[in-house]
Each structure stands twice: as C-alpha cells, then as structure tokens.
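Protein chains in written order, with the working numbering: chain A, 1 to 269; chain B, 270 to 538; chain C, 539 to 807; chain D, 808 to 1076. Don't be surprised by glycine CBs; every beta carbon is placed ideally from N, CA and C. What follows is a set of notes on a single structure, which appears directly below.
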C-alpha cells in the first residue's frame, strides 16, 4: 500500500548492500511512496553486494562513491542532480565500518590509524556529504537528511567497540550541520538510533546474537525490524515532519527508555 | 492535500478550545487524513470555547469529560467505542492548567493544594486516561497515544512555573505506561515537546511574548507552528512510526539542540 | 579519617531510619567531617526506627516533621536555626513512600488518591522544604541541598511502579527551585541518582533481589554502597562543588552509561 | 586552606599554559591538597607558555609530550612512574585545538585533513593516554581520570565549530574506556563540562566575548571560574567520589539546566 507521501521527491540512498540492509528496505519503501532514487555505495560494496537487483526493481541508477572522498561525493551529487533534472529532497547515510573490529583489536588496544579511518568512513563522511551539498546548493528547501546511528553512542556496549565513538561523532555532526543548514535553507538533519537488526554489518560484530537477543528482551515492542525502519525514514523524509531537526530519534521499540523488563529479570534470577 | 494516512482509524482528541489550539489543528488534519474523531474537553472549556464549530466541520461528536474524574473518562471511552463501533486507534492528550499561575503565585510561593490540583489536571489525568483504556481494553493493537509537553520539563523557564514540574511528571507517566501497554498490546505512548505557540493556554503565561520571541530567535527553523504540530501528530498516529514509543520527541525547529544562535548573540551584545 | 570538609557547617538530614539508610550513613559521615546535624523524620518513622541511637552517636537533636505539612517544616527550620544559633548550610532529603506499592496495586491499576499522596510525600515535600527555607531565609549563601533519586525517573523499571513518576517530579522540582534559589542566594540544589542498596525502603519493592543483582551485574564498578553515597553527599555539601547546581548526578558505578556488560550477555545466552 | 584531600596521591596534569588555564589552577589546588604532580604539555606549548613558573611553585617536573604520539605518552608515563616511585592516581586531560578555527574556516567549509587533526589532538589523544596507561598498568586501583569538555557537545554554539564534534567524541571515549578500565581495575573516567572561562584557548574563538556574556547571563550562579573548576577536579580526584564514573558532569552554575533567565528575556525584549 502506498500513501504517495514522497511523490515528486528525489533522494540519494547510501549503503544498500543486500536485502537485509536498512538502506535497501528504505529505498524500496521510498520508491513505493513515489520518490525517485539514486543509489550509492562504496566501490568495494558495489562489487560484493547485490545492489543491481535493487536498482532494477526501483529503476534507480547506481553511482559509486567512496564517502571519504570529496571528489567522489561531488561527482555523485552532480550526476544525481543531472539525473533528477533538479535538486535533492532527501538523503539517507547508512554507512559505517570499523577497521579495528575487522582486525579483531579490542577497544583497549586499538590501532589509532585504523581508528582515524573508522571515524572518517563512519562519521566524517557525513560532514563531507553535507558540506558538498551545502557548497553546491544541491538540496531543496526543507530537504531531509538522515543518518543511521545506534544507542552505543550514549551507553557502552562492549562489543560495539570504537564504532560507539564514531556514532557519537556522527550524531554531533548531524546537530552541528543541522544548525547551519537549517538557518541557510530550512534543511533538517537528524539521526535515527535503530534497534540492532540482522544485517551484514551487524553480523560482523562479535557476540552479536547474545546482544540482539538481549535487545529484543529489553524492548517492550521488540526490536524494530528493517521494514519499520524504512517506514520511519519515509515519515522523516516527508513533509509531515518539517520542524524536527538536529535530533537523535530512537526507533527501538522502547529499548532506550527501558531500564529492565520482567523477562530480563527472570532470566537473571 | 491528503495522503489518507489515517484511513479507517478512530481517535479521541482532548483539548481543542479554538482555532489556535494545537488539538484543534490536529483534529482538522487527522480528519483530512481519513480518521474518525471524537472530541473531548472539560465542561467549562466546552462552554467557553468554540468546539462546536470544529465538531461540525469534521463531523465529530463532542463528549465532555473532566479528565481528573475516572467516571467521566470511562463514560467518554464507552461512548466513543459505541460511536465508532469499534476500538480506538489514537489519542491526543493536550491538557494542562496551572492553578498557581492563574492565581499569580510565584514558584517560590506556591499554594500546595493548588499545586496538587495542577499535577492532577495536567499530568495524572494522562495516567487516568491510559488506565481506563487499559482496564476496558479500549485500544486496538499498535494504537498510538500522544501527550503534549514542553522543554521546561528539562530546562528551567522561570515564567513556566509549576507547569514545568507537571510536564516532567507527564513525560514520566508516558514512559511508565508505555512500557506496560507496549508489552500488553503493542500500544505506543509518546510525548511531543512542542515550540511555544500563541494559543489561549500560552497567552496566560506572564512574559509570554518575550519568551516566544526568544524561542523563535533560538530555533534554526523558527518555532514550529500549530499546523506543523498537527502534521507531526498525524505521522505519530500513523502506521509509519510503529516502533517509536516511550519517547519525548522535540518538535521545535531545532531549539532543543541549539545552545545559542548568532541572532541571539547579536542581540545580547 | 576526617578531612574536616564540613567544619563549621550545619545541616538537616531527613530520612535516617536505621543503619542501612543512606541518610543514616550520611549523617555519620557529615558529623565525622565536622558538621553539626539536626535529624528529622516522620513521626511514625521516629517510632519504628532506631534514630535515637544515631542521634546519640553524633550528638544531634531529633526533630520530627511530617514533610507534607508546612507547619511541621516551619517548626523544624525554626528549631534548627535556634539549635544551631545560625542559618543552615546543607539539607539532605531522603524521603519517599509509595502508597500503591504498599497496597500491592500494579502501575496499570493505581488508586489515584494514593498516587497523589505518594507524589506529595516523595516529591512535593521537597518543594515544601525549599519554599519554607526560602521564605524564612533559612539557608546561608552557597548552601547545598540534595535529594535522593533513582534512574527509574529516566528509564522504566517495572517494579518501581509509581515511584518512578514521583522521582521525575522530584528531579524537576530540584531544577526549578535551584534556578530561583541560585539567583536569589547562590544556593545550589541537586539530586543524586543512587544505585539500589539494601535499605528498608528498597526491600519493600517486589522483586528487589533480582533487580539489585541485575544492577550489580550492569555496573562496571558494582552498585555504589551506602558509605560511598555518604562520601559523595559530603563532597556535594562541601565548598569544593559550589558551581554544580540543578543537576541530576548519577552515583551508580557507571550503571547509567552502560548498555550491557559481558556478564549480563553471558547470563542471557 | 587545605583539607589534605589528595595526600599521598600522584597525578599527571596536561594542558597548563598560563595562570588563566584550568589545568594551571588545578595543578595548584591539587598540590595544595597534598598531591604530587607531573606537568605535561605539547612541546610548542612548553615554549610559548609559562609552565616553568608553575613547576617551580609546586615542585613538579615538566615532561613534554605530543598527545597524538603513543611514544611520547609512553615516555611520559614511564618517567612519571619513575619520578613518583609508584603508580598514578589521577590524570587531567585539558587539551584541545581546532585547526580549522585557527585557519578561519567556517563549519560549513572545513578542511577535512585539518578536521582529522583536530579530532586526533582534542579527542583521540584521550584514548591514547588511557590505552597507554591500561597497557602498562600505570594507574592505581580507583584512580580518577578527568577530561575537560564543553556543552557544545550537546547543543550547537556556532562559533565553537568543529570543536563541538571533537568534544562529543571525547565524551564518548570517556564512557567507552571508563567501562573497560572500571571492570579491570576500578579506574573511573569522567568529563567535566565547564562554563566558558577567559583562557588563552577560549580567546581564540570568534565572538568569544558575546558568548561568555550570554553564558554568564544564562547561569543562575554565573559562569564557574577556573578556581572553582580546580576545586571540583580535586573532589573528583579524591576518594569521596569513587562510584562516579562514565559521566559527563556539568560544572556551569546551572547553565545546562536553564532554558532562559529573566535577565536574558529582558535583554531580548
């Protein structure tokens, strides 16, 4: 079912790797709601993933971009505007990668060059996208920009490692740029703090199963699935949420406001 | 323009006094989006306000209720279900009144009986509505309940007086009941922390003009107008936001995440 | 060992029932640090508890007061000032009681008259104490007022029931009154959000053991014991913390900033 | 006057440039309270500042270290332990520098290589110090580590620029490492979010005067001076605050919990 909530809107979606991806589901849903989409991902992800299947399904071009490269981002924005024949109404930044986690380094023994790389890919890239858009005036008034984050930015989840710090940085960038872009052109910038889902990214995290089960048991509504994330994104891209900006929005079935559930207490007893 | 976002949904809206009211605008918008509505307000507000004009416009019955009375609330729920021929999908609680502000008592010299009355009307009433609904199983699965609040619950605005404490209590009740109702029936409960608007309620607050101007100057997008509040409410009542619960959601043009704006710095210089 | 941190200071401590009480430990510690103390508690608690043992040990008068009664509070303040021969430098409000918990009513089926009583005893009483002090100018400049709270004010712990809402209200009162008393006389007002401890009050809460064990397992330093609470209170009463005001301060071994620990993940597996 | 609160304790203080520095005042106060100190700063700051004056006054060695270099940090820790003849009890990290601010780049036009440098100096350096200490087991049980931060990490202050994002990252590192070091050795890690003060660092920020005046007018107790910061640090280094960890602690005269003051409303009218 479609409400046509995004009819006439044009957006870029970063980070759709395969059907499990939050970005994949969001692209599908945004298309269903009437939006035109450009898909983007890192060159290596384009090779590994199945993005072309998605691209066909929603009739969207795929434009590769290394989000740490201003040149790539500028190229992506230019080509997107050319493709759309106009400016952009929404962006989803669903990008993150921890080099130290990949290498198996614990948080207390990080390689700091890797850490800088993690921060660049997972957080500073968001600033780069916004700055490139700001400089070339690529977004329409009231455009909506969303980045994906996780509650590890507020509370420690040990296996989440350095990615927690990257997400804190990302959330701060959303606030900071949201201020400037809001004043300049009423563009709003928010982060969605999403329940863990069984994505390819998530499954790289050690102890992910125990962790996702804990999260499920601690959420009054259960973990929010990827489809629900997509719907929430669509609501944030739409004109119904125009005065929401510079916020970190929990989409987590109530997890963030739950201290403990009876279910967890029972398991601990 | 309508998206039919609330097609088939039924809801109760408390607190529509006149065209300036957030609840009034929400009732209009929800109706436009396909919902059936029951309007409610306190008996005295029904006499003073212009609710019948709204009732006609959206073809909604008006059922008076003193929200501090469980009998009145029970009656309202029973009659609503009867009217709708089915259970309820959403509720807006936009109710608040400070007896001490009316009497001109400063925060440091409250009459504590009045304070208890303020807490009862402005916050405990929300518990009463939820408890009555819970007991008679009046809400459908995934129903959405929203209460109106203000950032004075987090930071002091001196003229907001005891109402700040009432709003803190209200937000806590939303979390607490959201937990239980979420587990029982996937009902979600949230508060919207809205920009000040020139409503009848607001205009009773001393120094309201200076205050609303400060808020405007401190919000990158400006204060959120009542119409935008209505749209945001509709998004929260819809199926697009089903995993958002137990949250306090700022709908404030970025105010809550802004420390200072250049505009305010300039005025202070 | 004593640092003489509170030498020459005079304070009122509410809520010392027996050796397990946080207030009891704080009175001992404040005395050790050179303070003069007046002890107060509700008439019924005076009869049940062992406060006289403490009073003797620290050479402090016991002045009963029902904290919901302005008359009792005024009497307490007057007598304290008379006893001290001067104004007051610190107050600890460690008072809370849930009538509905005592009666076994679940959160979804509260008796609302009991709820109002709970709010009055556990939260509004704090406003009453501050207002009485403010009106009779009973506090010295830079006096420090602390109230005891719990993280249930931010996140739901189901067995904490209506007391969560009372604590939210209490924390808001601390902020609101902290503003006015700070401007008037540089008095600071804070709440300490303390780990659960095995006090008489705590042991009344259903499922308290499972709950305290969960908290222990979720705190990197373990639950903060009552003796540590007393030391932290002394730091907040001292001149070393004069610019800390209107804050809710977690004294919880890191619990509040921990999403999950390895220990909990292991138990959940 | 001294309480001997830090008698027998040994600590490293980073960032004392001149008398206005928060770190300078903290070193003086910690010394007064009985601690032995090692002073450290970046080589360039050692040349520019007047640290030797301080070193003499408190009889402390100065050991230069570029905090972005693990080698320098390791050397500093080794020499400090040698100097003290034992492990370390506290550390103050008061280090921050924004390359883009120095270069006059606005937030919407950052040089991203400079940004990475800013993040490294101002935030990742804190991880490096903690990691080096953790690896060589340089801290005693219950040691206390504090880093200086600012509320721009939560709310936007436009002239604070990229430093806001660096402070968010810093605060996250404090939480993350606080978890691991707490579990391993009961070491606590916190950040103090301090009022703006007229330091050399602060005066580099554009529009700093308007900003500090706004902050003063918005703080019920006024901006916290450097001497008060030093006292608060001493309290956090002491044994009185052992269960406080992974927290961001506002030391700001109530600023963070104040929405607006009458004084500001009046100026805005």
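- Scanning chain D for C-beta atoms nearer than 8 Å to the C-beta of residue 116(A) yields 923, 926, 927 and 931, reported in chain order.
- Residues of chain C whose Cβ lies closer than 9 Å to the Cβ of residue 982(D) are, in chain order, 792, 795 and 796.
- The three-state secondary structure of residue 272(B), taken from DSSP, is coil.
- In this structure, DSSP gives residue 713(C) a helical state, which the three-state scheme calls helix.
- For the stretch 557-569 of chain C, the set of residues with a beta-carbon nearer than 7 Å to any beta-carbon of chain D is empty.
- Taking a beta-carbon distance threshold of 8 Å, residue 12(A) does not count as an interface residue toward chain C.
- For residue 788(C), DSSP records a beta bridge to 731(C).
- Residue 701(C) has a beta carbon lying at 8 Å or more from every beta carbon in chain A.
- Under DSSP, residue 685(C) takes part in a beta bridge, and its partners are 631(C) and 729(C).
- Around the beta carbon of residue 808(D), fewer than 16 other beta carbons lie within 10 angstroms, which makes this residue exposed.
- For residue 818(D), the beta-bridge partners assigned by DSSP are 844(D) and 897(D).
- Straight-line spacing of the CA atoms in residue 823(D) and residue 108(A) works out to 27 Å.
- Cβ-Cβ distances below 8 Å link residue 194(A) to 22, 148, 149, 150, 224, 229, 251 and 252 in the same chain, with the five nearest sequence neighbours on each side left out; the list follows chain order.
- Interface residue (Cβ-Cβ distance to chain D less than 8 Å): residue 482(B) is classified as such.
- In the three-state DSSP reduction, residue 600(C) falls in the strand class (E or B).
- Per DSSP, residue 763(C) lies in no alpha helix (DSSP H) segment and is marked neither H nor E.
- Contact annotation for residue 531(B) against chain D: 965 [CB-CB distance below 7 Å, chain order].
- Interface criterion met: the Cβ of residue 691(C) is under 8 Å from a Cβ in chain B.
- In the structure shown, residue 105(A) falls within a coil segment according to DSSP collapsed to helix, strand and coil.
- Per DSSP, residue 756(C) is not a residue of any alpha helix (DSSP H), being assigned neither H nor E.
- Nearest Cα to residue 166(A) within the set 865(D), 1019(D) and 930(D): 930(D).
- Put simply, the backbone Cα of residue 1038(D) is about 45 Å away from that of residue 241(A).
- For residue 565(C), the enclosing alpha helix (DSSP H) stretches over residues 560-570.
- Under DSSP, the beta-bridge partners assigned to residue 963(D) are 527(B).
- The distance from the Cβ of residue 307(B) to that of residue 363(B) is about 14 Å, inconsistent with a contact at the 8 Å cut-off.
- Collapsing the DSSP output to three states places residue 111(A) in coil.
- At a beta-carbon threshold of 9 Å, the residues of chain C lying near residue 1031(D) are 780, 781 and 782, ordered along the chain.
- Chain-order list of chain D residues neighbouring residue 647(C): empty, with the shortest C-beta distance near 34 Å, by a criterion of under 9 Å.
- According to the DSSP secondary-structure assignment, residue 139(A) is paired through a beta bridge with 88(A).
- Between residue 803(C) and residue 211(A) the beta-carbon gap is near 6 Å, inside 8 Å, which marks them as a contact.
- Proximity of the stretch 708-728 of chain C to the stretch 664-675 of chain C meets the contact definition, three or more beta-carbon pairs being nearer than 8 Å.
- The beta carbon of residue 591(C) sits no closer than 8 Å to any beta carbon of chain D.
- Judged by DSSP in its simplified three-state form, residue 16(A) adopts coil rather than helix or strand.
- From the beta-carbon of residue 231(A), the residues of chain B found nearer than 8 Å are 508, 509, 510 and 511.
- For residue 969(D), the three-state secondary structure derived from DSSP is coil.
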